[in-house]
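Below you'll find the structure, written out as structure tokens, and then a few comments.
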Amino acid sequence: MGFGSRVLWSELNLDVAPGEFIAVLGPNGSGKSTLLKVLLGLVPLSAGRVTVAGGAATRGNSNVGYIPQQTTADPELSLRSRDLAGLGWAGHRFGKGLRGRRRRRQHVDHVLAAVGADTYADAPVGQLSGGELQRLRVAQALVGDPSVLLCDEPLLSLDLAHQHSITRLIDQRRHAADTAVLFVTHEINPILPMVDRVLYLVDGRFRVGTPAEVMTSGVLSDLYGTDVDVIKVRGRLIVVAATDSVPALPGHHVHHLDEHGPP
Amino acid sequence: MSDTFDRLFDFEGTADLLALPFVQKALVAAAVLGVIAGLLAPLIVARGMAFAVHGTSELAFTGGAAALLAGVSVSLGAVVGAVAASLVFGILGLRRRDRDSVIGVVLAFGLGLGVLMLALYKGRSANKFGLLTGSIVSIDSTDLVVLAVCAVLVVVTLGVIYRPLLFASVDPTVAEAHGVPIRILGPVFAVLIGITTALAIPIVGAILVLTVMVTPGAAASRVSSSPVVVTLLAIGIAEVGLVGGTILSLGPGLPISGYATTLIFICYLVCRLIGRLRRS
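If you read the sequences in order, they're chains X and Z.
Residue 1123 is where the first sequence starts when you use the working numbering, and the numbers rise one by one after that.
Residue 159 is where the second sequence starts when you use the working numbering, and the numbers rise one by one after that.
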């Protein structure tokens, strides 16, 4: 996959099993978001083949759920939580405004309750806290009953408690419905206990394997082409560059400020 | 002073005037406009397109002025001007940051052209003034068939694209991920705005189109967060303003726009007040 002469990655061959949880890691610009766009059918591969839930990657694939980064909604926006979640139910289809409204409503109520968002179902979206909004995002993604869940840094700018509750919801879902999860993140620690495999992308190089296989000093030093230490502290992984010359090691607590500073 | 006041609220002849065919035609036109403006207004507010509506209406005015000068149908000219403007805004201004300046640039030029063409026009001055502020006489020149066809077109199109459009308007990132064709919906919605603007011009005039296409949506969104309730309320407010404004303007024989804007503005203030009381 590449744009013009720039190659984001090549010979990437990854099979994700139903119910599998894959973390996609890597520095900014390594093609993590592009990978999601390919799977969403928004960008074609420059070469190769991609299959999502048994079919070609097409726009508006109802087998795919998508959870975006947390962004604050306009406080004046005329939209209730249930409306936002409801848009996950064929919200991209033309001519579906009135037909199936009752069924949609029942289904949305059910999913909102499942993620614990039923208490603010009728609250305006613009007045939700970041944690509430992300919970709602999970509901929005699950409303379409997807077999693949694509998560684009959904934990960004959430506090630890909310990070935990969001990852738990996603984990429950994949166990309950055998949903495959691709989780793009800068920060592996909040999801470390549930990750089956890691896809680590750096400058066109990548490595796929279990966290124990990939998150080692040897593998990451190899990927970054410089000395990188992976230290395990109380079940958390901390990645430290031996020199300061390594640009933006993704999301480990040490580099937290670098990663979340102004773009 | 009191003469002015008496004139503003002179309703003696209102009942008789209501019986006249051209007045009834104006009322029908106002009511139809209220429905489609009320339907669009909440989406215009959600998409932050108030300035685009204003720009579109000024260019509808340019189109109308050109038609007046050329001696062809003013409403046709207004429709052409508005649709052309909305397409330009829809295509050039896809990015929010660009949009403001593109509209400002095109609006200023179009308005300048319009003023020039009005100055060159040798016909009745009421026709000129009607374009800017609307008048019951200028409604009479609108073809009700054209109005009905345009209204049906707007309602049907909206019926088909409503949910993806709402999705793209309130939640663009996820809408795009779900494959909503944002690049197509933007210009399509802009054209709907263009058509509705052109219909609104004979009634409220080019400079006051915002009052029916933005204020009802802004007012309604203060009191509810349900898209359905907000839309119904916006239609209601637009109807109060347009039909009420038309009736009130009959006796005094003054432009509808003054009455319509006042009624709708009062609705807006009431809605803000209700919204504030509810939240506290």
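Even for Gly, the Cβ is constructed at its ideal location relative to N, Cα and C.
Treat the numbers as computed from the prediction; the structure is a model and nothing was measured.
For residue 1355(X), the enclosing beta strand (DSSP E) stretches over residues 1350-1355. Below the 9 Å Cβ cutoff, chain X contributes no neighbours of residue 373(Z), its closest Cβ being approximately 14 Å away. For the segment 383-397 of chain Z, residues whose beta-carbon sits nearer than 8 Å to a beta-carbon of chain X comprise 383, 384, 385, 388.
At least 7 Å separates the beta-carbon of residue 1191(X) from that of residue 1267(X). Residue 248(Z) sits close to residue 345(Z), with the two beta carbons spaced by under 7 Å.
For the segment 393-433 of chain Z, the continuous alpha helix (DSSP H) assignments of 4+ residues that do not extend past its boundaries occur at 403-408, in sequence order. Following the DSSP letters along the chain, one finds residue 1331(X) inside the beta strand (DSSP E) bounded by residues 1327-1331.
From the beta-carbon of residue 1188(X), the residues of chain Z found nearer than 8 Å are 332, 335, 336. Per DSSP, the unbroken beta strand (DSSP E) holding residue 1321(X) starts and ends at 1319-1324. For residue 379(Z), the nearest beta carbon of chain X is closer than 7 Å to its own beta carbon.
Out of 220(Z), 165(Z), 368(Z), 336(Z), the CA that lies nearest to the CA of residue 243(Z) is found in 220(Z). For residue 1313(X), the three-state secondary structure derived from DSSP is helix. Under the Cβ distance rule, residue 1205(X) counts among the residues neighbouring chain Z, one pair being separated by less than 7 Å. At a cut-off of 7 Å between beta carbons, residue 1321(X) makes no contact with chain Z. Here residue 1136(X) really is in contact with residue 1321(X); their C-beta atoms are around 6 Å apart, less than 8 Å. Nearest to residue 294(Z) by C-alpha distance, out of 425(Z), 173(Z), 430(Z), 405(Z), is 405(Z).
In this structure, the CA atom of residue 307(Z) is about 11 Å from the CA atom of residue 357(Z). Secondary structure remark: continuous beta strand (DSSP E) runs of at least 3 residues inside the segment 1143-1170 of chain X, in chain order: 1143-1147. DSSP, reduced to helix, strand and coil, places residue 288(Z) within a helical segment of the structure shown. Residue pairing for residue 1186(X): DSSP places it in a beta bridge opposite 1270(X). The shortest C-alpha to C-alpha distance from residue 1307(X) to any of 1197(X), 1280(X), 1269(X), 1298(X) is the one to 1280(X). Taking 7 Å as the cut-off, the beta carbon of residue 362(Z) is found closer than this to the beta carbon of residue 415(Z).
Looking at the backbone, the Cα of residue 1223(X) and that of residue 1229(X) are separated by about 10 Å.
Apart from the 5 residues on each side of it in sequence, residue 1179(X) sits with its Cβ closer than 6 Å to the Cβ of 1161, 1163, 1172 in its chain, given in chain order.
Apart from sequence neighbours up to five positions away, the residues of its chain that approach residue 1301(X) with a beta-carbon distance below 8 Å are 1140, 1141, 1187, 1268, 1269, 1270, 1271, 1295, ordered along the chain. In this structure residue 372(Z) is not in contact with residue 260(Z), their Cβ atoms being roughly 19 Å apart against a cut-off of 8 Å.
The residue from 1348(X), 1358(X), 1327(X), 1356(X) with its alpha-carbon nearest to that of residue 1151(X) is 1327(X).
DSSP lists 1353(X) as the bridge partner or partners of residue 1360(X). Segment contact: the segment 347-356 of chain Z against the segment 169-187 of chain Z, fewer than three CB-CB distances shorter than 8 Å; contact not assigned.
Shown here, residue 282(Z) sits in coil according to DSSP, grouped into three states, outside any helix or strand.
Listed in chain order, the positions of the segment 315-326 of chain Z with a beta carbon within less than 8 Å of a beta carbon of chain X are 317, 318, 319, 320, 321, 322, 324, 325. Taking 7 Å as the upper bound on Cβ-Cβ separation, chain Z lies near no residue of the segment 1264-1292 of chain X. Of the residues assessed, residue 316(Z) falls on the buried side of the cut-off, its CB having 16 or more other CB atoms within 10 angstroms.
Look at residue 1173(X) here: in three-state DSSP terms it is strand. Taking each of 1226(X), 1232(X), 1183(X) in turn and checking the Cα distance to residue 1214(X), the smallest one comes out for 1183(X).
By DSSP's assignment, residue 1178(X) forms a beta bridge with 1173(X).
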